[in-house]
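Right, one structure below, let's go through it.
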Amino acid sequence: MLAILISRAKETGQIKVVPHLVDERLSILQYADDTIIFMDNDLERAKNMKLLLCAFEQLSGLKINFHKSEMFCYGAARARQTEYIQIFGCDMRSYPFRYLGIPMHHRKLMNKDWKYVEERFQKRLNCWRSKLLSVGGRLVLINSVLSSLSMFMLSFFEVPRGVLKKLDYFRPRFFWQIDDNKKKHRLTKWEVVCTLKDQGVLGVLNLDVHNKCLLSKWLFKLINGDGVWQQVLRNKYLRDKTLTQVQYMPEDSQFWAGLMKVKGEFLSLGKFDLGDGPHVRF
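In structure tokens, the structure reads:
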């Protein structure tokens, strides 16, 4: 109902949404109980949006908690932050903020923005005692629990070298070091331990390789799928070019930068499949 009300108000000019890279523009995104509303910098139409939200409460019987909601201003709208706070009664937040578990920022994420992933690793390791586990037990915990803690972030962003080095510090330490106060000699390099089982080694997940595989899935979906996010990326980055012709630019988003790096590595290896032909340009 909220999406319908916003769409009707947009058609009549009561509210003004940000011009976007999606057909008919993008004014609202909804996932479960999370809702994002996009508006242009206009105080009068912002008041109309507040009236629309109040009308939605009366029609649906649902209550919007404006005190728990958050507001972010861009560009010229930052000079009017006080007026927008008075209209909506929301707190003004800064970057990075988290949406659906992913930190969002207009610039590249720094190593400190990945710190919560390291904290999750440490929290798990604090309740495990490797001396009470066999080698096989420690191996199962590393692959099924510890390595999977970072998979959600690795599926969206290219992991920085410093963060990867830190994560690969926790895993071999738990695997080789039985006592926290007593170091144990490591019998082989961690890169060897991460070699596949069919090659006679333990097959621990290589986070760097896994990160590239997860990002490459987005490239496959971009070429072969058709949805809102594909439309945004095609209109913003591809336009009339093919994927192989596009180069990374410093102002590109971190998500797109990760895709471009993976694409470059696959092209250098000659292993980039562009599908059945329509996206290939000779």
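Residue numbers (this note's numbering): 3 to 284. Glycine included, C-beta positions come from ideal geometry on N, C-alpha and C.
Beta-carbon proximity check, residue i vs residue j, cutoff 8 Å
i           : j           : result
residue 123 : residue 177 : no
residue 264 : residue 221 : yes
residue 16  : residue 50  : yes
residue 86  : residue 48  : yes
residue 61  : residue 3   : yes
residue 162 : residue 113 : yes
residue 95  : residue 72  : yes
residue 209 : residue 195 : no
residue 45  : residue 82  : yes
residue 52  : residue 59  : no
residue 158 : residue 111 : no
residue 36  : residue 102 : yes
residue 244 : residue 269 : no
Start-to-end residues for the beta strand (DSSP E) that takes in residue i
i           : result
residue 99  : 99 to 101
residue 32  : 30 to 33
residue 106 : 104 to 106
residue 37  : 36 to 39
Residues near residue i by beta carbon distance below 6 Å, same chain, minus five either side
i           : result
residue 38  : 31
residue 5   : 30
residue 115 : 98, 105
residue 107 : 97, 98
Residue i, enclosing alpha helix (DSSP H) - first and last residue
i           : result
residue 83  : 83 to 90
residue 170 : 163 to 178
residue 153 : 153 to 156
residue 210 : 209 to 226
residue 8   : 4 to 13
residue 57  : 45 to 62
residue 123 : 117 to 128
residue 205 : Residue 205 -> no alpha helix (DSSP H), and no H or E assigned at all.
residue 232 : 230 to 235
residue 194 : 192 to 195
residue 138 : 137 to 143
Closest residue to residue i among the options (Cα-Cα distance)
i           : options        : result
residue 214 : 192, 92, 155   : 155
residue 70  : 225, 61, 91    : 91
residue 41  : 79, 65, 33, 67 : 79
residue 192 : 153, 144, 230  : 144
Cβ neighbours of residue i in the same chain (closer than 7 Å, five flanking residues each side left out)
i           : result
residue 284 : Here the model assigns residue 284 a pLDDT of 43, short of 50, so the residue's position is not dependable, and the following value carries that caveat. Same-chain partners within the cutoff: there are none.
residue 261 : 217, 220, 221
residue 212 : 156
residue 224 : 232, 235
residue 33  : 102
residue 12  : 19, 29
Neighbourhood of residue i by C-beta, 8 Å cutoff - its chain only, sequence neighbours within 5 removed
i           : result
residue 239 : 248, 254, 258
residue 165 : 113, 116, 119, 120
residue 267 : 214
residue 151 : 119, 122, 123, 126
residue 57  : 7
The region 150 to 170 / the region 110 to 123 touching (three or more Cβ pairs under 8 Å): yes
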